[in-house]
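Heads up, the thing below is written out as structure tokens.
There are 2 protein chains.
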Amino acid sequence: MNNNKNISMKEIAELSGVSVATVSRVINNNGRFSEDTRKKVMDIIKEYDYTINMAAKSLRVSTSKTIGIIVPDINNEFFSEIVLEIEKFFFTNGYSVFICNTSQDDMKEREYFRSLDSKLVDGIICISGREDIPVDSIKRKIPIVCIDRKPKYDSSAIYVESDHYLGGFMATEELIKKGCKHILILTKSKSLSVNKQRLDGYTDALKKHNHPIDDKLIVKLSGNRSNFEESRDAINYLLKKGIAFDGIFASNDWRAYGALVALNQNQIPVPEKVKIVGFDGISVSKYCYPAITTIYQDKKNLALEAADLLLSLIEGKNINSSQHIVIPVSLIERGTT
Amino acid sequence: MNNNKNISMKEIAELSGVSVATVSRVINNNGRFSEDTRKKVMDIIKEYDYTINMAAKSLRVSTSKTIGIIVPDINNEFFSEIVLEIEKFFFTNGYSVFICNTSQDDMKEREYFRSLDSKLVDGIICISGREDIPVDSIKRKIPIVCIDRKPKYDSSAIYVESDHYLGGFMATEELIKKGCKHILILTKSKSLSVNKQRLDGYTDALKKHNHPIDDKLIVKLSGNRSNFEESRDAINYLLKKGIAFDGIFASNDWRAYGALVALNQNQIPVPEKVKIVGFDGISVSKYCYPAITTIYQDKKNLALEAADLLLSLIEGKNINSSQHIVIPVSLIERGTT
């Protein structure tokens with residue numbers, strides 16, 4: 004039977020004692036298989052001089068078993084934890100995961116959409132960022148699931164996010180309950196859906212408790228430097244200008260920590276004179292002193308909901324559930340309130 | 004001239020007022036170009052009904068303008084900072100960067116080498132991990148540069164690392180100078196070159212100062228749980244067993260922080276009763292209380308040296324410099340010594 008070029012993948016599978024799917028994975032060098040399996044299959048292929056029909060192959064293999072993740076900043080633990088959960092999920096399901104970091108640069112994001120598409124990924128998870136997805140960078144029709152980003156590109160767009168509005172509301176109400184009268188919000192100038200929702204939560208909590216909304220206390224950071232530095236410098240600036248405040252709702256934990264350091268530097272005791280609530284629930288909020296009260300986002304749940312949705316879409320399953328999944332947040336009370 | 008299929012890339016370039024290289028990038032949907040440029044080029048292509056000769060194309064395009072990074076844990080700031088520096092460098096040079104997280108799983112690492120190779124990346128940077136590179140997973144001959152990993156696979160292997168030996172020596176000597184007599188090392192059971200070198204530095208510093216080497220004080224953590232937890236639990240265990248020590252050299256900052264927390268839980272004052280030195284110089288060492296004395300690794304320099312080497316190799320330049328670059332480390336003295 005040597006040199007019989009008509010051996011089929013099915014026969015290779017039988018001769019090497021593995022499934023046809025495994026033979027396909029070995030031939031395509033794609034997906035999971037052990038070194039042993041690879042050797043077994045390749046030996047049979049060599050023995051029978053099997054010639055891989057490349058045209059037939061590309062017809063048979065409809066997916067590349069890879070997905071891409073677009074993330075603004077993997078150096079931020081909030082994002083890196085989500086990315087790792089997604090990676091774990093997809094790897095277990097036989098997919099390789101390519102992580103692309105955009106540093107919140109729209110041009111870069113566009114470029115990464117383009118290059119993931121040109122690498123034939125089967126789907127993309129896109130975390131945070133602007134509302135519009137650069138669909139013109141993607142030539143194929145592949146599923147995209149967003150986390151913490153309300154996509155505009157498609158009426159049937161699918162996204163998973165924390166309850167940012169409620170988070171903003173709860174953070175502000177916590178400060179009001181602890182007696183704060185002049186509550187500052189440290190947010191970002193960039194118009195992202197998450198920032199808008201948290202700001203809405205802040206203003207609605209103030210209204211509910213009959214606190215005036217003071218534009219001087221809505222501080223929008225540029226995002227050009229690190230969250231920590233921008234926030235620390237903003238608080239120093241406000242103190243110098245003599246703007247009075249006794250509560251700070253920082254829209255992420257690094258901003259909260261920046262504020263805490265600035266108050267320490269100015270000998271303003273926390274929580275006695277000024278109280279702080281952060282957002283995200285990452286380690287810095289737990290490990291600094293005093294530990295920071297924060298709104299906890301359930302990163303694992305966010306990741307798994309998004310990953311599960313994307314996999315279903317890739318596999319062509321009907322998505323019966325809602326196209327917009329909201330994950331609850333919770334308040335963790337610590338030393339700064 | 005409509006429907007003239009013989010128009011060349013050079014003519015397209017002239018007609019759209021851009022370079023041939025730019026036309027190539029647009030056609031291949033690869034590398035940098037503006038939306039305007041894309042439109043200009045595509046309009047000319049449509050106008051003249053240019054048919055892309057795919058075979059000729061793949062001959063002309065020798066690189067895919069993508070690189071891969073294999074990283075053990077992007078949730079560790081030490082790694083994520085290096086990855087971000089490399090990404091920035093390559094993006095500026097017109098490359099997309101695919102980050103692959105292995106969670107220190109050898110099978111996963113092997114799989115990511117394979118899938119990066121199948122996506123035709125032009126080169127790979129590989130951070131930390133075992134000494135052997137799974138070369139059998141890579142079918143093409145592409146350059147690989149390692150960081151903090153001494154590769155075995157090739158006598159001409161190129162790697163960049165911190166001076167781990169000196170770091171281990173300096174950390175131990177700092178503890179000796181501050182009066183410690185029984186110095187514990189918290190290291191890892193996995194045989195990685197960086198661990199070996201730091202351990203060698205530790206034993207040599209003890210020998211130099213005529214301190215005995217006590218096997219009970221060489222604690223090898225399994226790496227199955229987080230650095231923080233393993234280290235915290237190991238110190239609790241040693242305290243329960245009544246093993247005496249007055250200094251801890253923790254081979255990374257999360258382990259140092261875990262040790263600090265365990266000592267706090269046991270009401271053992273730091274640095275009065277036990278002193279601690281960490282390794283890496285990441286934020287946790289700076290932000291915890293007391294802040295941790297540590298051996299600082301120059302992450303930016305490590306990243307840029309490795310990235311620059313890889314780019315030179317991809318571009319086929321002669322590498323005249325040493326194949327093994329060692330970046331100096333430094334001691335940052337803080338509250339724990």
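As they're listed, the protein sequences go chains P and G. When the letters of the first sequence are read in order and numbered with my numbering, they come out as residues 4 to 340. When the letters of the second sequence are read in order and numbered with my numbering, they come out as residues 4 to 340. Glycine included, C-beta positions come from ideal geometry on N, C-alpha and C.
Any C-beta of chain G sitting closer than 8 Å to the C-beta of F248/P? Start at 1 with the first residue of the first sequence, and residue 248/P comes out as number 245. F248/P does not count as touching chain G.
With 16 other Cβ atoms within 10 Å as the buried cut-off, status of Y115/P: If you number the first sequence from 1, residue 115/P lands on position 112. Y115/P is buried by the Cβ-count criterion.
So, is L195/P buried or exposed, given that buried needs 16 or more other C-beta atoms within 10 angstroms? Position 192 of the first sequence, counted from the first residue, corresponds to residue 195/P. When all chains shown are included, L195/P counts as buried.
Comparing alpha-carbon positions, which option in I73/G, I128/G, I77/G lies nearest A309/G? Taking the second sequence and counting its residues from 1, one reaches residue 309/G at position 306. It is I128/G whose Cα lies nearest to the Cα of A309/G.
Just the Cα atoms here: how many angstroms apart are Y299/P and L224/P? Here residue 299/P refers to the residue found at position 296 of the first sequence. Here residue 224/P refers to the residue found at position 221 of the first sequence. Spanning the two alpha carbons is a distance of roughly 22 Å.
G2/P: buried (16+ other C-beta within 10 angstroms of its C-beta) or exposed? Since the first residue shown for chain P is 4 and the last is 340, residue 2/P is missing from the structure and cannot be characterised.
In this structure, does DSSP put Q300/P in helix, strand or coil? What you label residue 300/P is simply residue 297 of the first sequence in a count that begins at 1. Reduced to three states, the DSSP call for Q300/P is strand.
Where V287/P meets chain G, residues with beta-carbon distance less than 9 Å: Position 284 of the first sequence, counted from the first residue, corresponds to residue 287/P. Within 9 Å Cβ-Cβ: S286, V287, Y290.
Which residues in chain G sit within 7 Å of Y299/P, going by Cβ to Cβ distance? Mapped onto the first sequence, residue 299/P falls at position 296. Within 7 Å Cβ-Cβ: nothing; Y299/P doesn't reach chain G, min ~17 Å.
What residue range does the beta strand (DSSP E) around E164/P cover? By one-based count along the first sequence, residue 164/P stands at place 161. Residues 161-165.
Closer than 8 Å between beta carbons: that is the criterion. Which residues of the region 225-244 of chain P meet it against chain G? Residues of the region 225-244 of chain P with a Cβ closer than 8 Å to any Cβ of chain G: none.
Supposed contact pair G71/G and C103/G - C-beta distance, whole angstroms, cut 8 Å: Here the question's residue 103/G lines up with position 100 in the second sequence. Here the question's residue 71/G lines up with position 68 in the second sequence. Going by Cβ atoms, the distance from C103/G to G71/G rounds to 6 Å, so yes, they are a contact pair.
Pull up the CB-CB distance for T69/P and F101/P, whole angstroms please, since I reckon it's below 8 Å. Along the first sequence, read from residue 1 onward, the residue named residue 69/P stands at position 66. Along the first sequence, read from residue 1 onward, the residue named residue 101/P stands at position 98. Separation of the CB atoms of T69/P and F101/P is rounded to 6 Å, and the pair is thereby assigned contact status at 8 Å.
Just list the residues that DSSP pairs N213/P with in beta bridges. On the first sequence, position 210 is the one that residue 213/P refers to. The partner list for N213/P (beta bridge, DSSP) is empty, contrary to what the question assumes.
Own chain, CB closer than 6 Å to I188/P, minus 5 neighbours either side, in chain order: Numbered from 1 along the first sequence, position 185 holds the residue referred to as residue 188/P. So the qualifying residues of the chain are Y205, I221, F252.
In the DSSP assignment, find the alpha helix (DSSP H) that holds A259/G and state where it starts and stops. For the purposes of this step, residue 259/G is identified with residue 256 of the second sequence, where counting begins at 1. Counting along the chain, the alpha helix (DSSP H) containing A259/G begins and ends at 256-268.
For T25/G, three-class secondary structure by DSSP: Counted from its first residue, the second sequence places residue 25/G at position 22. T25/G carries a helical assignment under DSSP once its states are collapsed to helix, strand and coil.
Going residue by residue through the region 88-129 of chain G, where are the continuous alpha helix (DSSP H) segments of at least 4 residues, counting only ones entirely within it? 109-121
With 8 Å as the threshold, decide whether the Cβ of C103/G is near any Cβ in chain P. The residue given as residue 103/G occupies position 100 in the second sequence. It does: the Cβ of C103/G has a partner Cβ on chain P nearer than 8 Å.
To the nearest angstrom, report how far apart R152/P and S106/P are at their CA atoms. Here residue 152/P corresponds to residue number 149 of the first sequence, with the count starting at 1. Here residue 106/P corresponds to residue number 103 of the first sequence, with the count starting at 1. One Cα belongs to R152/P, the other to S106/P, and the distance between them is close to 16 Å.
Please check the pair I77/G and V86/P, which I expect to be a contact at CB under 8 Å, by giving their CB distance rounded to whole angstroms. Position 74 of the second sequence, counted from the start, is the residue given in the question as residue 77/G. Position 83 of the first sequence, counted from the start, is the residue given in the question as residue 86/P. Yes, they are in contact, since the Cβ atoms of I77/G and V86/P sit about 7 Å apart, within 8 Å.
Does N195/G get closer than 8 Å to chain P when you measure Cβ to Cβ? Translated into the one-based positions of the second sequence, residue 195/G becomes position 192. For the sequence presented, residue 195/G should be read as Leu rather than Asn. Judged by the 8 Å Cβ criterion, L195/G is not in contact with chain P.
With which residues is D283/P paired in a DSSP beta bridge? For the purposes of this step, residue 283/P is taken as residue 280 along the first sequence, with counting starting at 1. Per DSSP, Y299/P.
Under the three-state reduction of DSSP, which class applies to N7/P: helix, strand or coil? Here residue 7/P corresponds to residue number 4 of the first sequence, with the count starting at 1. A caution first: N7/P carries a pLDDT of 40, below 50, which makes its placement in the model unreliable, though a value can still be read off. Here N7/P sits in coil by DSSP.
Between I335/G and chain P, is any beta-carbon pair separated by less than 8 Å? What you label residue 335/G is simply residue 332 of the second sequence in a count that begins at 1. At a cut-off of 8 Å between C-beta atoms, I335/G does not count as an interface residue with respect to chain P.
Tell me, to the nearest whole angstrom, how far the beta carbon of V148/G is from that of L313/G; I am working on the premise that it is less than 8 Å. Indexing the second sequence from 1 puts residue 148/G at position 145. Indexing the second sequence from 1 puts residue 313/G at position 310. Correct: roughly 4 Å between the Cβ atoms.
Local conformation of F248/P per DSSP, three classes: The sequence position of residue 248/P within the first sequence is 245, counting from 1. In this structure, F248/P counts as coil in the three-state DSSP scheme.
Listed from N- to C-terminal order along the chain, which residues in the region 69-81 of chain G have their beta-carbon within a distance smaller than 7 Å of any beta-carbon of chain P? If the cut-off is 7 Å between Cβ atoms, the region 69-81 of chain G has T69, I77, N78, E80 near chain P.
Do L266/G and V277/G have their C-beta atoms within less than 8 Å of each other? Residue mapping note: residue 266/G aligns to position 263 of the second sequence, counting from 1. Residue mapping note: residue 277/G aligns to position 274 of the second sequence, counting from 1. Yes, they are a contact pair.
Determine which residues of the region 14-29 of chain P have a Cβ less than 7 Å from any Cβ of chain G, and write them out in chain order. none
Return the chain-ordered list of same chain residues with a C-beta closer than 8 Å to the C-beta of Y292/P, the five sequence neighbours on each side being excluded. For the purposes of this step, residue 292/P is taken as the residue at position 289 of the first sequence. Cβ within range, chain order: G338.
For the 8 Å Cβ check, are there 3 or more pairs between the region 133-143 of chain G and the region 115-124 of chain G? yes
Contacts that R35/G makes with chain P (C-beta to C-beta distance below 9 Å): Mapped onto the second sequence, residue 35/G falls at position 32. Within 9 Å Cβ-Cβ: M110, E114.
Using a Cβ-Cβ distance cut-off of 8 Å, determine whether L87/P contacts chain G. What you label residue 87/P is simply residue 84 of the first sequence in a count that begins at 1. Judged by the 8 Å Cβ criterion, L87/P is in contact with chain G.
Please report whether the beta-carbon of S354/P lies at a distance below 8 Å from any beta-carbon of chain G. Lying before the first or after the last residue shown, residue 354/P is absent from chain P, which here runs from 4 to 340.
Closest residue to T296/P among V264/P, T340/P, R41/P (Cα-Cα distance): Your numbering for residue 296/P matches position 293 in the first sequence. Taking the Cα of T296/P as reference, the smallest distance to any Cα among V264/P, T340/P, R41/P is reached at T340/P.
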